[in-house]
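Asker: Please find one structure pasted underneath; my questions will follow.
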Amino acid sequence: MLRTGLSSVARRAYSTTHTPIITAAKPVEGFVGALGNTPLIRLNRLSKETGSNIYAKAEFMNPGGSVKDRAALYVVKDAEERGLIKPGGTVVEGTAGNTGIGLAHVCRAKGYKCVIYMPNTQSQEKIDLLRMLGAEVHPVPAVAFDNPQNYNHQAARHAEALENAVWTNQFDNTANRRAHIETTGPEIWQQLEGQVDGFTCSTGTGGTLAGIARYLKEKSQGKTKIFLADPPGSVLYSYIKSGGTLIERGGSSITEGIGQGRVTDNLKGEIELIDDAVQIPDADSLKMIYRLLDEEGIYVGASSALNVVAAVEMAKKLGPGKNIVTILCDGAHRYQSRLFSKKWIESKGLIDALPEHLKKYATL
Ligand code: PMP
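The opening position of the sequence shown corresponds to residue 1 in full-length UniProt numbering, with each subsequent residue numbered one higher.
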């Protein structure tokens, strides 16, 4: 007799060979419950090229879209625990944008108002997103920290003038660093079952670098090497290289949210955790944004790309066969009117830095 459909043997073969490639995670509680536990992505092409495993923590997959969601939650929780804010109050912060976006989400979820001061050099996308999330945004001239008009001091004064308001002060509030000691660091350690030879990332407040470095150094009994990754115009590279001298440096970078002019409280006391530093030119960061898209299908901003370039440098310095970890801080959507605009890239003198096959990504 002619039988239609799958034979029992074929059916068995189907059910055993077709295991799902996506598995469901358990339900979580609200925005805050969705934070963290981000994937650790092995970057295949760069791993093959270096002979080490280059792993990148996909922080752009946090519910507010960046590594700073973790710090945002921790500084608000810290303010609540210290009784600095009561229900219905206002959170005020100075930020390059990502902490503000994280705070705007956390504030909506917890019923607080959110006021953000940021330098007016930052991308329009971040300002727009903050306003869409209900935050009151004050873009202000980008002046140095020692100027009273610096965005951080303006945020502090705004909070002081309001009832039931807190300036969360992410740069010098070590609840920021604690977020990474208690969450990001342990996640990386568990994801690689303790086999972490090197970690590198750039710094804005320093919370991510210092927090993860603190955890990994302790767990590995000092064996995990830590490199700071710095953009042009930041003082930290020379600070580490010179063994602690702060040298005034000019210059700027296409990266946003990273680079520092001082040693923040999140870095203070933790500098001895940093074994070495690398400085990454903008041309290399830009090229890596497009390479990650072209080779891996990963769409991230300039600080993430800079971090990956630094991880490759670290792999070269440590030699083959190592596990090197870095951070993909946020997605490229926040910067696309700049980073994917041919005109903008030309205005920065960087178009010739791109290999021919990558130029097609500068489409806007
Ligand atoms: N990348 C981006 C895009 C950021 O916005 C920030 C924070 N400003 C960082 C990296 C650096 O993180 P941290 O403040 O923990 O040093």
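All C-beta atoms in this analysis are idealised placements derived from N, C-alpha and C, irrespective of residue type, glycine included.
Taking only three categories from DSSP, how would you classify Leu2?
Answerer: In the sequence shown, residue 2 corresponds to position 2, counting from 1. Any reading at Leu2 must be qualified, since the residue scores a pLDDT of 45, below 50, and its modelled position is unreliable; the value itself is stated next. Coil, per DSSP.
Asker: On the criterion of 16 or more Cβ atoms from any shown chain inside 10 Å, does Leu2 qualify as buried, or is it exposed?
Answerer: Locating residue 2 in the sequence shown gives position 2, where the first residue counts as 1. Its pLDDT being 45, under 50, Leu2 is placed unreliably by the model, and nothing is read from it.
Asker: Kindly indicate which residue of Lys77, Asn120, Val67, Pro87 has the alpha-carbon position closest to the one of Ile101.
Answerer: Here residue 101 refers to the residue found at position 101 of the sequence shown. Cα-wise, what sits closest to Ile101 is Val67.
Asker: With 16 as the cutoff for other CB atoms within 10 Å, does His18 come out buried or exposed?
Answerer: As a first step, residue 18 must be located in the sequence shown, where it is residue number 18. Per the 10 Å Cβ criterion, exposed.
Asker: With a threshold of 16 other CB atoms inside 10 Å of the CB of Gly250, please say whether the residue is buried or exposed.
Answerer: Within the sequence shown, the letter at position 250 stands for residue 250. Gly250 is exposed by the Cβ-count criterion.
Asker: Per DSSP, what are the beta-bridge partners of Gly65 in this structure?
Answerer: Taking the sequence shown and counting its residues from 1, the one referred to as residue 65 is at position 65. DSSP output for Gly65 lists no bridge partner at all.
Asker: Which term fits Pro27, buried or exposed, when burial requires 16 or more other beta carbons within 10 angstroms of its beta carbon?
Answerer: Residue numbering aside, residue 27 sits at position 27 when the sequence shown is read from its first letter. Exposed: under 16 other Cβ atoms inside 10 Å.
Asker: Note down the Cα distance separating Phe60 from Lys322, rounded to an integer number of angstroms.
Answerer: Position 60 of the sequence shown, counted from the start, is the residue given in the question as residue 60. Position 322 of the sequence shown, counted from the start, is the residue given in the question as residue 322. Distance between the alpha carbons of Phe60 and Lys322: 25 Å.
Asker: Only counting runs of 3 or more residues, tell me where the beta strand (DSSP E) segments fall wholly within the segment 186–245, in order along the chain.
Answerer: Correct list: 198–201, 225–230.
Asker: Just tell me which of Gly33, Lys126, Ile351, Ser347 has its CA closest to the CA of Ala284.
Answerer: Indexing the sequence shown from 1 puts residue 284 at position 284. Residue identity check: residue 284 is Asp in the sequence provided, not Ala. Here the closest residue by C-alpha is Ile351.
Asker: By how many angstroms is the C-alpha of Gly97 removed from the C-alpha of Ala58?
Answerer: Against the sequence shown, residue 58 aligns to sequence position 58. Against the sequence shown, residue 97 aligns to sequence position 97. Near 18 Å, if we compare the C-alpha coordinates of Gly97 and Ala58.
Asker: Any idea if Pro231 is buried or exposed, counting beta-carbon neighbours within 10 angstroms, 16 or more meaning buried?
Answerer: Counting from 1 along the sequence shown, the entry for residue 231 is found at position 231. By the neighbour-count rule (16 or more Cβ atoms within 10 Å), Pro231 is buried.
Asker: Write down the C-beta distance between Gly301 and Tyr335 rounded to the nearest angstrom, noting that I regard them as a contact closer than 8 Å.
Answerer: Numbered from its first residue, the sequence shown carries residue 301 at position 301. Numbered from its first residue, the sequence shown carries residue 335 at position 335. The pair is a contact, with the Cβ atoms about 5 Å apart (cut-off 8 Å).
Asker: Within its chain, find whatever has a CB closer than 6 Å to the CB of Val106; leave out the 5 residues flanking it on each side and keep chain order.
Answerer: For the purposes of this step, residue 106 is identified with residue 106 of the sequence shown, where counting begins at 1. Taken in chain order, the residues that qualify are Ala72, Leu73, Val76.
Asker: So who's on the other strand from Leu40, going by DSSP bridges?
Answerer: Position 40 of the sequence shown, counted from the start, is the residue given in the question as residue 40. For Leu40, which the question treats as bridged, DSSP gives the partners Lys57.
Asker: What residues in its chain sit with their C-beta under 6 Å from that of Leu267, if we drop five residues either side in the sequence?
Answerer: Residue mapping note: residue 267 aligns to position 267 of the sequence shown, counting from 1. Contacts found: Gly206, Ala210.
Asker: Closest by CA to Gln279, which one among Asp294, Thr264, Ile258?
Answerer: Position 279 of the sequence shown, counted from the start, is the residue given in the question as residue 279. With distances taken between Cα atoms, Gln279 lies closest to Ile258.
Asker: Between residue 372 and the ligand PMP, is there a pair consisting of the residue's CB and a ligand heavy atom that are separated by less than 7 Å?
Answerer: Beyond the ends of the chain as shown, which are 1 and 364, falls residue 372; an answer cannot be given.
Asker: Measuring CA to CA, which of Pro320, Val325, Glu295, Ser242 is closest to Asn307?
Answerer: Translated into the one-based positions of the sequence shown, residue 307 becomes position 307. Among Pro320, Val325, Glu295, Ser242, the Cα nearest to that of Asn307 belongs to Val325.
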